[in-house]
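Trainee: Residue numbers (the working numbering): 39 to 467. Take this structure, written in structure tokens, and hold onto it; I'll ask about it next.
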Ligand SMILES: CSC[C@H]1O[C@@H](n2cnc3c(O)ncnc32)[C@H](O)[C@@H]1O
Ligand SMILES: [Zn+2]
């Protein structure tokens, strides 16, 4: 049996208090053994002058989209996808997706993220990258039927079902899966009516984009006479373990539906601001009892994968949306990025307590922008940056020690990413 002692730091506890404590990790089980003054440990991780926090949970991303970062900015969602992103994605090779995923996972590890929920294609490549990275992930193959004939559309949804079944439990259980219709407007009704019941019968969790822009809501109301989430419920999409990405334009009846069906929301504030999609009513959803996590979305609409940026954005945008400076306060936003996110993805992570998964990050507090330290939860929400993370641990394994990523050759991946991105752009243009 091997143990790791995270020693000398302060620790963020599940009730959002901070106390001086060591954390003993059972590396074989990948869980937290004790918090306090347990002693022991075959290996040590120095947390002196630091804060030990649960690893951050990115509840909605497209990790391989790092290769498309900065390729197309300053457009609304529909034009951005159709004019810029989809034509380039059509040229992606599995090797591109592998390198893009590795780059994104390095960026995540370097900014304290230990779990993610991903939507993309070439999932076998992403799964291998996640296995090597050592993080936890909900993965899936995203089905889009617009622009496809009947055969192509059905093949896409069948692939989404197959991938969800094939990869569930991979990487010693660190990988779980979801069935993934892309959205309610990019997958035709006849296909949703055929395949959603199959996903539910197979007991698959479901993840989809929903209520992201007004342009997406309007046509559904026109065609079906009901709000998008009522349409989703009618299709059976909210019957199982489901979480939607965005949930920006949800009205009160839809918030009620989210609560009744125990459907979670992956809130993506930076992407929503950059694409001018709108302001999600986060405080209203939280008040009603919806589980709301935080996601970066892809690096092409953010344009980074730093969950500290995202916490700050979620707090700021949440206040603006509620027209209330006390809305989405610091403890709430930290909880959204940790425990809520883990609950959404079904991982026993996001809390530093005995028995929970040993997924954690150690921040260096000895920097000017975190001085003085009146309130460390405030610092996590409003002042800390991904680059303040000193060590990252997931499933009990050290993925980054003193900012050195141990699971990838960072320089090699960066060089490969530049080569693949250049060749991709050349093919696509
Ligand atoms: C077919 S894989 C997933 C698909 O989603 C696209 N995408 C990236 N960001 C968003 C977003 O905010 N809303 C909808 N779709 C998005 C991505 O480019 C892939 O094509
Ligand atoms: Zn997305």
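No residue lacks a Cβ here, since even glycine has one placed at the ideal position from N, Cα and C.
1) Can residue 153 and residue 346 be called in contact, C-beta distance under 7 Å?
2) Who are the near neighbours of residue 341 in its chain, counting only those whose CB is closer than 7 Å to its CB and skipping five residues on each side?
3) Does DSSP put residue 103 in a helix, a strand or coil?
4) Is the beta carbon of residue 333 less than 7 Å from the beta carbon of residue 99?
5) Can you tell which of 127, 458 and 301 has its C-alpha closest to the C-alpha of residue 110?
6) Using DSSP's beta-bridge definition, name the partner residues of residue 180.
7) Please confirm whether residue 149 and residue 427 have their CB atoms less than 7 Å apart.
8) Let me know if residue 291 comes out buried or exposed under the rule of 16 or more other beta-carbons within 10 Å of its beta-carbon.
9) Please find out if some non-hydrogen atom of ligand 2 comes closer than 6 Å to the beta-carbon of residue 283.
10) Taking Cβ to Cβ, would you say residue 448 is nearer than 7 Å to residue 144?
11) Is any non-hydrogen atom of ligand 2 found closer than 6 Å to the C-beta of residue 335, if you look at the structure I gave you?
12) Pick helix, strand or coil for residue 140, following the three-state DSSP scheme.
13) List in chain order: all unbroken alpha helix (DSSP H) runs of 4+ residues lying wholly within the segment 286-369.
14) Nearer than 6 Å: is that true of the beta carbon of residue 55 relative to any heavy atom of ligand 1?
15) Quick one: grab the DSSP three-state call for residue 206.
16) Of the residues 263, 63 and 155, which one's Cα is nearest the Cα of residue 218?
17) According to DSSP, is residue 17 helix, strand or coil?
18) Mind checking who residue 155 pairs with in its DSSP beta bridge?
19) Spell out whether any CB of chain B is found under 7 Å from the CB atom of residue 135.
20) Quick check on the DSSP output: the beta strand (DSSP E) that includes residue 402 runs from which residue to which?
21) Quick one: grab the DSSP three-state call for residue 240.
22) Given a cut-off of 7 Å on the beta-carbon distance, is the pair residue 459 and residue 105 in contact?
23) Can you tell me which residues form a DSSP beta bridge with residue 500?
24) Is the beta carbon of residue 90 less than 7 Å from the beta carbon of residue 44?
25) Just to check, is the beta-carbon of residue 135 closer than 6 Å to a non-hydrogen atom of ligand 1?
26) My output table needs one value for residue 41: the three-state DSSP class, helix, strand or coil.
27) Kindly give me the distance between the Cβ atoms of residue 229 and residue 192, rounded to whole angstroms, as I take these residues to be in contact under 8 Å.
28) For a quick check, are the C-beta atoms of residue 380 and residue 388 less than 7 Å apart?
29) Considering just the uninterrupted stretch of the alpha helix (DSSP H) at residue 451, what are its terminal residues?
30) Report yes if the C-beta of residue 287 is less than 6 Å from at least one heavy atom of ligand 1; otherwise report no.
31) Give the straight-line distance between the Cα atoms of residue 212 and residue 184, rounded to the nearest whole angstrom.
32) In chain order, what residues of the same chain have a beta carbon less than 8 Å from the beta carbon of residue 129, not counting five sequence neighbours either side?
33) Closest to residue 454 by CA distance: which of 95, 328, 138 and 51 is it?
34) Using 6 Å as the cut-off, classify the Cβ of residue 158 as near or not near the heavy atoms of ligand 1, replying yes or no.
35) Following the continuous beta strand (DSSP E) through residue 429, name the residue where it begins and the one where it ends.
36) For residue 70, verify whether its CB is less than 6 Å away from any heavy atom of ligand 1.
Mentor: By the coordinates alone:
1) no
2) 107 and 108
3) helix
4) Yes, they are a contact pair.
5) For residue 110, the nearest C-alpha among the options comes from 127.
6) Per DSSP, the beta-bridge partners of residue 180 are 218.
7) yes
8) exposed
9) yes
10) yes
11) yes
12) When secondary structure is reduced to three states using DSSP, residue 140 falls in the helix class.
13) 290-298, 307-312, 320-326 and 345-360
14) no
15) coil
16) Looking at the Cα atoms, 155 is the closest of the given residues.
17) A query on residue 17 cannot be resolved here, the shown segment of the chain reaching from 39 to 467 and no further.
18) The partner list for residue 155 (beta bridge, DSSP) reads 176.
19) No chain B appears in the structure shown, which is made up of a single protein chain.
20) It spans 398-402 - the beta strand (DSSP E) in which residue 402 sits, taken as one unbroken run.
21) coil
22) yes
23) As displayed, the chain neither begins before 39 nor continues past 467, which places residue 500 out of reach and without an answer.
24) yes
25) no
26) strand
27) Taking 8 Å as the upper bound for CB-CB distance, residue 229 and residue 192 are in contact here, some 7 Å apart.
28) Result yes, Cβ atoms of residue 380 and residue 388 sit closer than 7 Å.
29) 448-466
30) no
31) In a straight line, the C-alpha of residue 212 is about 32 Å away from that of residue 184.
32) 462, 465 and 466
33) That would be 138, whose Cα lies nearest to the Cα of residue 454.
34) Answer for residue 158: yes, Cβ within range of ligand 1.
35) 427-432
36) Shortest gap from the CB of residue 70 to any heavy atom of ligand 1: 6 Å or more.
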